[in-house]
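S.K.: Under our numbering, the final residue of the sequence shown carries the number 175; numbering is consecutive throughout.
Quick one: this structure, given as structure tokens, is what I'll be asking you about.
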Amino acid sequence: MAKKTLINDIHHIAIICSNYERSKKFYVEILGFPIIQETFRTQRNSYKLDLRVGVNSQIELFSFLDPPSRPNSPEACGLRHLAFSVDDIEETIIFLKESHIDVEAVRIDEITGKKFTFFRDPDNLPLEIYQR
Numbered sequence: 044m045a046k047k048t049l050i051n052d053i054h055h056i057a058i059i060c061s062n063y064e065r066s067k068k069f070y071v072e073i074l075g076f077p078i079i080q081e082t083f084r085t086q087r088n089s090y091k092l093d094l095r096v097g098v099n100s101q102i103e104l105f106s107f108l109d110p111p112s113r114p115n116s117p118e119a120c121g122l123r124h125l126a127f128s129v130d131d132i133e134e135t136i137i138f139l140k141e142s143h144i145d146v147e148a149v150r151i152d153e154i155t156g157k158k159f160t161f162f163r164d165p166d167n168l169p170l171e172i173y174q175r
């Protein structure tokens, strides 16, 4: 008998950015994530921006003064990348390129046969789009 999981879903993913206004523009104006709430945290002199992703998930975008850089290697311990499902990968790639965002060549997932590719946010965080 399989053990019942206590986890229902992913609630949010937290991202720390180096330039709040630039990252806010990227995630809100380019990627189109609706703002749930924007909070300025006076004690930390930083913002927390809650963004809706799909039906049940959120991105929490944090600004901190002088955050350390992300390790360069994609295989460094920790979060490797964030993936978003899309209905039409080609249409999404065209939109990203028209928004002056570099997109890698499309690959095929050898296990699922689905198309996917990567692009980067303003802080070089690898983001994936994956054909639904």
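The beta carbon of each residue, even a glycine, is placed where N, CA and C say it ideally should be.
(1) Alpha carbon to alpha carbon, how far is Leu74 from Arg163? Give it in angstroms, no decimals.
(2) Give me, in chain order, the residues of the same chain whose beta-carbon lies closer than 8 Å to that of Thr160; leave out the 5 immediate sequence neighbours on both sides.
(3) Alpha carbon to alpha carbon, how far is Lys91 from Phe138? Give it in angstroms, no decimals.
(4) Taking just the CA atoms, how far does Glu72 sit from Lys140?
(5) Taking only runs that begin and end inside the region 73-142, name each unbroken beta strand (DSSP E) of 3 or more residues, in chain order.
(6) For Ile154 and Asp130, I'd like the C-alpha separation in whole angstroms.
M.R.: Short version:
(1) Spanning the two alpha carbons is a distance of roughly 12 Å.
(2) Cβ within range, chain order: Ile132, Ile136, Val146, Glu147, Ala148, Val149, Arg150, Glu171, Ile172.
(3) Approximately 27 Å, taken between the alpha carbons.
(4) When only Cα atoms are considered, Lys140 and Glu72 end up about 14 Å apart.
(5) DSSP runs (the beta strand (DSSP E)) wholly in the region 73-142: 78-84, 89-96, 100-106, 125-129.
(6) Approximately 19 Å between the Cα atoms of the pair.
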